[in-house]
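Below: the structure, in structure tokens.
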Amino acid sequence: MSTCMKMLGVARQLQRSLVLVKLKRPGSSRFRLIDTSGLSGFQPPRFYTSAGSLQKTCSTWFSNIPVNTAMTAGCRLTARPHRWMRVGAVLRGQTEFITTNSRLYVIQNRTFGNRASSAGFPGEDGGDSAGSGGEESGGDEGAPQMTALTPMMVPEVFPNVPLIAVSRNPVFPRFIKIIEVKNKVLMELLRRKVRLAQPYAGVFLKKDDNNESDVVESLDAIYSTGTFVQIHEMQDLGDKLRMIVMGHRRIQITRQLDVEPEEEGTSPVWSEPELESQSKVRRKGKRSRKDQTGSLTEQLEDKISEADLSPELQPLPFSNILMVEVDNVQHEQFTVTEEVKALTAEIVKTIRDIIALNPLYRESVLQMMQAGQRVVDNPIYLSDMGAALTGAESHELQDVLEETNIPKRLYKALSLLKKEYELSKLQQRLGREVEEKIKQTHRKYLLQEQLKIIKKELGLEKEDKEAIEEKFRERLKDLTVPQHIMDVINEELNKLGLLDNHSSEFNVTRNYLDWLTSMPWGTNSEENLSLERAKEVLEEDHYGMDDVKKRILEFIAVSQLRGSTQGKILCFYGPPGVGKTSIARSIARALNRQYFRFSVGGMTDVAEIKGHRRTYVGAMPGKIIQCLKKTKTENPLVLIDEVDKMGRGYQGDPSSALLELLDPEQNANFLDHYLDVPVDLSKVLFICTANVIDTIPEPLRDRMEMINVSGYVAQEKLAIAERYLVPQLRFLCGLTEEKAAISSDALSLLIRQYCRESGVRNLQKQVEKVFRKVAFCIVSGEQTTVTVTPENLQKYVGKPLFTVDRMYNVTPPGVAMGLAWTALGGSTIFIETSLRRPSGGADIKGEGSLEITGQLGDVMKESAKIASTFARSFLMTKESENHFLINSHLHLHVPEGATPKDGPSAGCTIVTALLSLATNQPVRQNVAMTGEVSLTGKILPVGGIKEKTIAARRAGVTCIILPAENKKDFSDLPDYITEGLEIHFVDHYSQIYPIVFPQNKL
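Written out as structure tokens, the structure is:
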């Protein structure tokens, strides 16, 4: 009987409101949603219903519900006759009922933007608030769909809310804000809250405005005071949620909460008047319905499966703060004193002044005041509105939000409004100034146009087009322009006459004609073909560099015999600071040619060489065309610097673009992308410079004549310093020969202990440093004349950088001296070998090993392995009973491990070091060697013979072993380099062994 009474009570309740009931079948842990609207047989296959009577079929429906199942109202629709509204489904939970006092919602599909809401709310913080009523509005089918939630009342206390962190501007109570959420976990939580009929959240301002995240990992990252907001509309965009929220009251975080995988809805706390108002809500009106056939339970199950309004929510792992417990923030009690009235009046006056200065604020104020109440009568709302209108800093707006003293809040809002008013006045003043300038410019333009027309009518001035054409033709009078280029110029001039002066095509055509007529068509500089003068100029500027000077003199001799000059393509390569770039300028002076230099180091754009297409904005020709325009001749000397350091990017490969430029067979008809006409570059003398030739592409290297500019030895550096550097730097420092002098011994010591590199750039810096110190001593009055000697050299340049010439004065067993060559010049290098672990009983079978260290490259590692294999076989031929290299575990190291080393020139040195360790005999002192060894012991040729010889001489080496095929390179060296050296040329290692181990010589 009690069960029947319960069913009857529920049926009466259903007669008043529509419900969504959760059914729990016996033996099943899953809940199912039963929609009372399923009693209508003619409804669509979604959860749709309308207000009507359910009394007729309640007894049949409830016969399938277990006795212990409790039921109550879930989500409910506003009764609207003859309209179908979509029902918001309540998801699965741990109980059958959501709340005893359900929230009343209208849940409907709406098109974003058709929102009718009220921004004004009467009352104070934590007081009554009313939401806006939303009507169902139609829109385009393609418009984004939103879920509009229109609450009819908001709970006074709602302790547990999702946390949304925002940047820059907080949300003030009674104001609307659009918020986008991109965090997946927070998005799912907000969707769940909306489905649970709890569309509320807490919006808090982040302390760091640069933080764009919607969630925070610590409460310290946000301000503790925020706003309790209600979600009015939600648009699900897949990867983010766009929500329109309404602020209701100030709240403060008390603690962080954990989020359960499937959180129950928290029952909001309602005030007694609200409960009374809810109890009075009744639905009236009945609609007749037809009897339904079949099982009602089966129909409801089909509808639920089709709608799929209860997706499985899986627990989402997160480490951010998503839920917090909050308390309402109540303002301090206050009375409307004269001070409060004055503040409110001043705020209203300031807002009016701002609106008068900047009409853009008018729409914002009207939107905030559309409720129709008198804002001046509500100091609380007025203070919030004043702060919300301004564009103040985030911490200033947060200060207003946190203030609980109403007079102080009004004062802070007034301060922000005053700042905004001053900013508006500044904007207005700047706007007037800009407008005045525009008017003056426009007036000046009109007067100029009128003046042009008057002058044209009087015959005092021609049109712009006529003047431009006359200027271009005047340039061409003294030039020998090829006919095919003249045809292009005439065509462009005719085109220019048909274009409007203000069109973009007019400017493009004018610039193109400007470049065409600025080219030195048929103009050549008169060359100096005197060998004596050229030799004098080259010797005057540079010391040494005989190969370069001979090649230039040969070029002049050929030009004399032919009676005309032709372009050549030379490439100077060598270490830095040897004068490659400066010799090119001297060559141009010796030949009386115009000089132009540009660097291609790091260049990645082909347009730098061949120009841009004219269709691009700001297009320009390439460097070569710019060179011809600047030098005004067709036969300049062009220096292309750093060709070994060109890059390659998505704009193309500049090294490939140089192939056409540096090819004597093609550059007679060089085609620039901008000019788009053939240009003759056959008379240009191209000189390229590089430090190494390995990085230059082979096709480009094949087009150039390679000339090696090697480094300088100490004698050459001393001569360069005495002839060029010292006089030049003494003059630059404002000194004379009587006041400052450097002795030859001091220069030699400076070169030996401070400047060991191949070039003289560092030597120039050190000499300049000496003269700067001397100038300081003279100006300060310490001395009147200074002579730098080896005894006082450290006073001017500091402690020596190089105190020893080499690592080992006496090499022990297992150490051999080799010669290396880098981009900076030659140097000595020591190969060290040591026994890492002696052979044991298990190593009889020849399982020895070799560990290699010293930051060696792949080539040098392979060379070490080859040398180890050959050393084993060679030792077996010399000492058949010596199994040291076969069974022992050895360690090979090249000192200065921080410096990368690679290259095929240390093979014979490694073999010598291993044999010295195996025989326990030191290598002959003051012997250095270079050369690669093959697996059979043949010595292969290497490069950098001059640099290596200079390095050996600098280190005090008296005996050098070189490959036999490098004899031709050694014979080109001057006598002052080879003098006093014992040189051995070998082609097999068997010839090296008796030299380095004379005690074993048979």
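So in UniProt numbering, spot 890 of the sequence shown is number 890, and the numbers just go up one at a time.
Idealized CB from N, CA, C, for every residue including glycine.
Since the model is a prediction, treat every value here as computed from it, not as a measurement.
- Note on geometry: alpha-carbon atoms of T615 and S503 lie some 14 Å from one another.
- Contact annotation, V923 with V996: C-beta distance approximately 5 Å; criterion of less than 8 Å satisfied.
- In the same chain as D377, and ignoring 5 residues on each side of it, no C-beta atom comes closer than 8 Å to its own.
- A distance below 7 Å between beta-carbons, with the five flanking residues on each side excluded, links Q651 to the following residues of its chain, in chain order: T604, D605, V606, A607.
- For the pair I587 and I552, the Cα-to-Cα distance works out to about 7 Å.
- Using a Cβ distance threshold of 8 Å, C777 and A690 do not count as a contacting pair.
- Annotation for I687: the continuous beta strand (DSSP E) segment containing it runs 685 to 690.
- With fewer than 16 neighbouring CB atoms inside 10 Å of its own CB, T335 falls in the exposed class.
- In the DSSP assignment, C733 falls outside any alpha helix (DSSP H) and carries neither an H nor an E.
- Rounded to whole angstroms, the separation of the alpha carbons of K623 and G602 is 15 Å.
- The closest CA to that of K207, considering only A721, G907, L835, D399, is found on D399.
- Between L729 and L718, the alpha-carbon positions lie close to 15 Å from each other.
- Under the DSSP assignment, T227 falls outside any alpha helix (DSSP H), being part of the beta strand (DSSP E) whose first and last residues are 225 to 236.
- By the Cβ-count criterion, R362 is exposed, with fewer than 16 other Cβ atoms from all chains shown falling within 10 Å of its own Cβ.
- Residue burial annotation: Y712 is buried, with at least 16 other C-beta atoms found within 10 angstroms of its C-beta.
- For E851, the three-state secondary structure derived from DSSP is strand.
- Within the DSSP secondary-structure output, P963 pairs in a beta bridge with V986.
- Burial state of H442 is exposed, judged by a 10 Å Cβ sphere holding fewer than 16 other Cβ atoms.
- Less than 8 Å divides the Cβ of V154 from the Cβ of H248.
- The stretch 610 to 664 is shown to contain whole alpha helix (DSSP H) runs of 4 or more residues at 623 to 631, 654 to 661, in chain order.
- Spatial neighbours of S525 in its own chain (CB-CB distance under 7 Å, excluding positions within 5 residues in sequence) are listed in chain order as N592, R593, Q594, T633, N635.
- Taking C-beta atoms as the reference points, L681 and N667 count as a pair closer than 8 Å.
- When I244, P162, P173 are compared, the shortest CA-CA separation from E180 is found for I244.
- Linking S599 to L241 through their CA atoms gives a straight-line distance of about 54 Å.
- Cβ-Cβ separation between L360 and T390: approximately 13 Å, too far for a contact (criterion under 8 Å).
- Taking the Cα positions, P654 is about 14 Å away from D672.
- Residues of the same chain with a CB within less than 6 Å of the CB of L639, apart from the 5 flanking positions on each side, are A584, R597, I687 in chain order.
- The Cβ atoms of V760 and V788 do not sit closer than 8 Å to each other.
- DSSP places H248 in the strand class (E or B) of the three-state scheme.
- Per DSSP, the beta bridge partners of F670 are V679.
- In the displayed model, C908 falls within a helix according to three-state DSSP.
- Residue pairing from DSSP places H889 in a beta bridge opposite R837, S849.
- Non-local C-beta neighbours of G848 in its own chain, meaning closer than 8 Å and more than five positions away in sequence, comprise S839, L885, I886, N887, S888, H889, L890, ordered along the chain.
- In the structure shown, the three-state DSSP call for W821 is strand.
- In its chain, beyond the 5 residues on either side, no residue has a beta carbon closer than 7 Å to the beta carbon of E393.
- When DSSP reads this structure, D541 sits in no beta bridge, so it has no partner.
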